[in-house]
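Listed in order, the protein sequences are those of chains B and C.
Residue 579 in our numbering sits at position 579 of the first sequence, with consecutive numbering throughout.
Take any residue in the second sequence, note its place counting from 1, add 600, and you have its number in our numbering.
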Amino acid sequence: MTSSGILQILLFFALILVCTKPLGAFMTKVFDGERTFLHPVLRWLEVLTYKSIGVQEQVEQRWTQYTGALLSFSIFGFLLVYFIQRAQGFLPFNPQGFNAGNVSPDLAFNTSTSFITNTNWQSYSGESTISYFVQMAALTVQNFASAAAGIAVAIALIRGFVRQEKKTIGNFWVDVTRATVYILLPISIVAALLFCSMGVIQNLKPYTALVTLEGAKQVIAQGPVASQEAIKMLGTNGGGFFNANSAHPFENPTPLSNLLQMFLIFLIPAGLTYTFGRMVKDTRQGWAIFAAFSVMFFAGVIAVYHFEQGGNPILSKLGIQSAPTAGQAGGNMEGKEVRFGIANSALFATITTDASCGAVNAMHDSFTPIGGLVPLFNIMTGEVIFGGVGAGLYGILLYCILAVFIAGLMVGRTPEYLGKKIEQKEVKMAMLAIIATALSILVFSAISTVIQFPVKGYWNPPGPAIANMNNSGPHGFGEILYAYVSSTGNNGSAFAGINANTPWYNLTLGLAQLIGRFLFLIPLLAAAGSLAVKKKIPSTAGTFPTHGPLFVGLLVGTVLIVGALTFFPAIALGPVVEHYLMNSGKLFSTIFTLPTSIWS
Amino acid sequence: MWQQILPGIRIKIFMTVVLGILYPLAITGISQMLFPHQANGSLVTVGGKVVGSELIGQNFAKPEYFQPRPSAAGNDGYDPTASGGSNYGPTSQKLVDRVKASIDKFRKDNPDYTGPIPADLVTASGSGLDPDISPDSAAAQTARVAKARGVSADQLSKLVAQFTEAPDLGLLGEPRVNVLKLNLALDEQFPRQ
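Here it is in C-alpha cells:
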C-alpha cells in the first residue's frame, strides 16, 4: 500500500462525510413535502407528474396499498423493458441495426428483471446487443425508477418507526416522484455534463470505423453514454453502457471521473443515514448507523487493497515487478487499468459491492482470492455497508431490528428500537427476508454446480452448467457463487468470465433477482405497517440506547455473524481454499472449451 | 388493487418520455455544444483522417512504435465492439501461459532492457482498451524504439517524459503514458528514414 493510495481513500471518505448532512437534511425536507431551494425550478414537474398519472398528493396509503403500488410500478417497468428490447429492430436511434435476433426471450427476461430490481446484472454486451433507444428509453428510465423505488421504501420504513397509531405509511407515487424530480434528476444532469467534460461520450452517431496508425481496421463504439453513466452511479444501478462497464475509457476516462463515480455511489446512501436521524428526531441514531457503515467500509477496503497490492505470487516468480515504484503500480494488474492502478481499483471494488451498485472499473474475476472474497462477502451481508440507494438503509434497519432482538434475548427484556416495541411480527418479517435471500443464493448455486444438460440443447448449449465457467477449480465455483450472490443481492457485478447468457442462467438468475428484491421489500413494508400502528413507549433507565458505540459494535457483529455463519461453508470451498492453493503455486486448466467470454 | 394499476401504466409512459427521451436528448444537445470533442469520442485526426481516439487503445506490433498492454477485447485485441478483460483468475493455467509468452516475447524484442518487467506491461486490462502504459513500461521499450528509428535513447526518454501524465490534481490515479499520443509524436518528430 502506498501513502498516496491511502490518501486517496481518505479523500474519498472525507467528501462523503462532508456531504452527508446537507444532502440528508435536503432529502428530509423533500420527503416531508416542505419547500426546498429547488421548488421554484422543479415544482411544476412534480405537479405535472401527479396530473399525468392521476394521483392526489395528499392521499396516503396503508402498507398493503403501498406494496401494491410498488408491484404495479415494477411490473409495468418489466413489461416495457422487455418489449422495447424485443422490438428494437422497429424503433429509432438504432444505427447499428440491432434487432430481436440479438436479444433472445430469455435474455430479454433477465435484463428486464435485472433493471427493475436495481440489480443491473448483464448477460449481454451493450455494444454488440442493444440499440441506443433501448439504452435510453428502457434502461436509463429503469435506472431512475428502481432507484426512486428503493428510496421510497426506505422512507416508508422510517415513517413506520416515526408514526404512532397510524395506519398509513405515505404515498408510493408521491415518494417516487419526489425522489426522481428533486434528487435523482438534478444531480444526474450536473453529473452527466461533468462526465462529458472529462471525456465520457454523448452522441447518437453510428460506430466510427477508422484505420489505425499501423494500418489495421478499428471500429469504435459510440452512444449516449454520459446521460446513463450519471444515473447508473447515482442510483447505485451499475449496469454498464459497454461490456467493460466503468473500466471502459468512454465510461470512465480519467482518475477524476473515477472519483466522481465513486462519490456518486455513496452519496445518497450516506445522506439517507442523516435523513433517517432527522426523521426520527434524533440525529445520533443516524450517525450510529453511519459509523457502523464506516467501520465495515474501511475494513473491506484495507483488505482488498492489501491483497491486490501484494499481487499474485505465481506471476511474481516469473520476473514481474510486483512492488509499487514511482513509475508503475505493481501488484495484481490483470484486469485493471493503468490510470486507476491498484488503489483506485481496490477502492472502487469495495464501494460498488458495499453499495448495491455493481459497476466495476476492474475485473473482479481476476482479483486475488481474498481481494475477490471481500466484494463477495460485502454483497452477502445484504449490501448494508452504505448500501444501495434506499436499499442500504432499509437493509441495515432490518439488522437493527435483529440486533435489538438479540440484545433483548440476552437481558430478558422486550426489545425496543426508537421507542417501538419489536415483537414477533417484526422479527419474523426480518428473518423471512434474510432466509429467503440466503436460500436463493445457496440453492441456486448448489444446483448449478451439479446440474447436467445435453450439449447444444436449449437450456444450456455448453452442456452441464459448470461448462459455462471461464476458470476451473475453486475459482470456477467462485464464478457460479458470485453470480447468484450478485443477482440475489441485486448488485450486478460479476466474476464475469462465466457465460451467463443461456436460458438456464438467464432464468435462474432472473428469479434470484426477483426473490432478492421483493422477498426483501415486502416483509419490510409489512413490518413498517405494523410498526406505524404501535404507540411509542417512553425510554427508561432500562432502555438499551441505540446511538452509542456499544450498539454500533452489536450491529456490526450482527451483520458479520449472520453473513458469515450463513455463507461460511460456501466461501471456504471457493476463495479461501483458492488463497492457499495460489500461495502453494497450484494452477488449474479449464476443462471445457468455452465460447468467447462476455461481461455478464 | 385497480387503483394502483392505472398510475403504474401512466407513470411508466411519463417517465419514458421525460427520463428516457427528453433527458438524454437534452444532455446530448448541451454536450454537443459545450464539449463536442469529448462527446464524440475524443477522436484524433491526422491529415484529415481519423486515426483513433485518445481514450481508446490500439494495437502496435512494429518495433518502431511503443507497444500497449496485452488486450482481451475481441479475437485480435483492442476491439472496441467487444470490450472486456480476460477474466482469468489468479490460479488459471491460461493466465500463466499467456503472461509467460508475453514475457518471452518482450525479452526477445528488448534485449537491451534487463530490469524487472512492470506488471502492467504483461497483464491484460479490464476494458481491453486501456490507452495507457505506465512510465516504467515506456522506459523499458525506449532502447528498442530508439534503435528502430535510428535516434538516441536520450532523445526518446525526453519525449516519454514529456508525454507522461501526472496523477490528476497531483494525487488521483497513477502516472501514465498515452501510447497513441506518444506514437503520433514519434512519427512527427522522428520519422523513420
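Quick reminder that beta carbons are idealized off the backbone N, C-alpha and C, glycines included.
Predicted model, so just to flag it, every value in this text is computed and none were measured.
Worksheet item: What does M615(C) touch in chain B if you count any residue whose Cβ is under 7 Å from its own?
Response: V141, F144 and A145
Fill in: Member of N312(B), F109(B), F250(B) and K281(B) whose CA lies at the smallest distance from the CA of W121(B)
Between W121(B) and the set N312(B), F109(B), F250(B) and K281(B), the nearest pair of CA atoms involves F109(B).
Practice prompt. List the residues of chain B whose Cβ lies closer than 7 Å to the Cβ of K612(C), in chain order.
Written response: F76, G77 and L80
Practice prompt. Determine, using beta carbons only, whether I268(B) and V134(B) come nearer to each other than 8 Å.
Written response: no
Worksheet item: Got a sec, what are the start and stop residues for the alpha helix (DSSP H) T742(C) sits in?
Response: P735 to R749
Discussion item. I'd like to confirm something about V485(B): is its beta-carbon nearer than 7 Å to some heavy atom of the ligand ZN, or not?
Written reply: Of the ligands one can find in the structure shown there are none, so the ligand ZN has no counterpart to examine.
Worksheet item: Does any residue of chain B bring its CB to less than 8 Å from the CB of P711(C)?
Response: no
Worksheet entry | Close Cβ partners of F444(B) (< 6 Å) along its chain, the five nearest in sequence each way excluded | Y484, T508 and A512
Worksheet item: Exposed or buried, I158(B), counting other C-beta atoms within 10 Å across all chains shown (16 or more means buried)?
Response: buried
Worksheet entry | Neighbour list for E578(B) in chain C, Cβ cutoff strictly below 8 Å | G689, P690 and T691
Fill in: Through-space distance from L784(C) to F377(B), alpha-carbon basis
The alpha-carbon separation between F377(B) and L784(C) amounts to approximately 45 Å.
Discussion item. Quick check on D754(C) - is its C-beta less than 8 Å from some C-beta in chain B?
Written reply: no
Item to complete: Select from K705(C), P731(C) and A672(C) the residue whose C-alpha is nearest the C-alpha of E765(C).
Response: Closest option to E765(C), Cα to Cα, is P731(C).
Item to complete: Under 6 Å Cβ to Cβ from G726(C), same chain only, skipping five residues before and after it: list those, please.
Response: G685
Worksheet item: Does the distance from the C-beta atom of I515(B) to that of T437(B) stay below 8 Å?
Response: yes
Item to complete: Please confirm whether Q638(C) and A69(B) have their CB atoms less than 8 Å apart.
Response: no
Worksheet item: If you pair each beta-carbon of the region 365-373 of chain B with each one of the region 292-307 of chain B, do three or more pairs fall below 8 Å?
Response: yes
Discussion item. Under DSSP, the beta strand (DSSP E) around S795(C) begins and ends at which residues?
Written reply: Nothing about residue 795(C) can be reported from this structure: the residues present for chain C run from 601 to 793 only.
Practice prompt. Tell me whether the beta-carbon of F12(B) lies closer than 8 Å to the beta-carbon of F241(B).
Written response: no
Worksheet item: By the 10 Å Cβ neighbour count, where 16 or more other Cβ atoms means buried, how is V651(C) classified, buried or exposed?
Response: buried
Worksheet entry | Span of the beta strand (DSSP E) around L769(C) | Premise fails: L769(C) is in no beta strand (DSSP E) and is neither H nor E.
Fill in: Residues that I320(B) bridges to, as DSSP identifies them
I717(C)
Practice prompt. Using a Cβ-Cβ cut-off of 8 Å, state whether E774(C) counts as contacting chain B.
Written response: yes
Discussion item. Would you say F666(C) lies against chain B (beta-carbon separation less than 8 Å)?
Written reply: no
Discussion item. List, from N- to C-terminal side, the alpha helix (DSSP H) runs of 4 residues or more that fit wholly inside the region 386-460 of chain B.
Written reply: 391-411 and 424-450
Worksheet item: From this set, L786(C), P791(C), L780(C) and A724(C), which residue's C-alpha is nearest G335(B)'s C-alpha?
Response: Selected option, being the one with the closest Cα: A724(C).
Item to complete: Quick one: measure Cβ to Cβ for L23(B) and V181(B), integer angstroms, because I've assumed they're closer than 8 Å.
Response: At roughly 16 Å, the Cβ-Cβ gap does not stay under 8 Å, so L23(B) and V181(B) are not in contact.
Item to complete: Specify the secondary structure class of L643(C) as computed by DSSP and reduced to three states.
Response: strand
Item to complete: Look at the alpha carbon of V646(C) and the alpha carbon of D720(C), and state the distance between them as a whole number of angstroms.
Response: 29 Å
Discussion item. Need the endpoints of the beta strand (DSSP E) that R669(C) sits in, please.
Written reply: Counting along the chain, R669(C) sits inside no beta strand (DSSP E), nor does DSSP assign it H or E at all.
Worksheet item: Going along the chain, which residues of the region 169-181 of chain B sit with their C-beta nearer than 7 Å to a C-beta in chain C?
Response: Residues are counted here when their Cβ sits less than 7 Å from a Cβ of chain C; for the region 169-181 of chain B these are W173, given in chain order.
Worksheet entry | According to DSSP, residues forming a beta bridge with P224(B) | For P224(B), the pairing in a beta bridge is given by DSSP as Q202(B).
Discussion item. I'd like to check one pair, A673(C) with N710(C): are the Cβ atoms closer than 8 Å?
Written reply: no
Worksheet entry | Beta-bridge pairing of A209(B) - partner residues as DSSP gives them | Among the bridge pairs identified by DSSP, A209(B) is matched with V219(B).
Practice prompt. Please decide whether G728(C) counts as near chain B, where near means a Cβ-Cβ distance under 8 Å.
Written response: With 8 Å as the cut-off, G728(C) counts as an interface residue toward chain B.
Worksheet item: Which residues bound the alpha helix (DSSP H) around N778(C)?
Response: That residue, N778(C), is in no alpha helix (DSSP H); its beta strand (DSSP E) goes R776 to N778.
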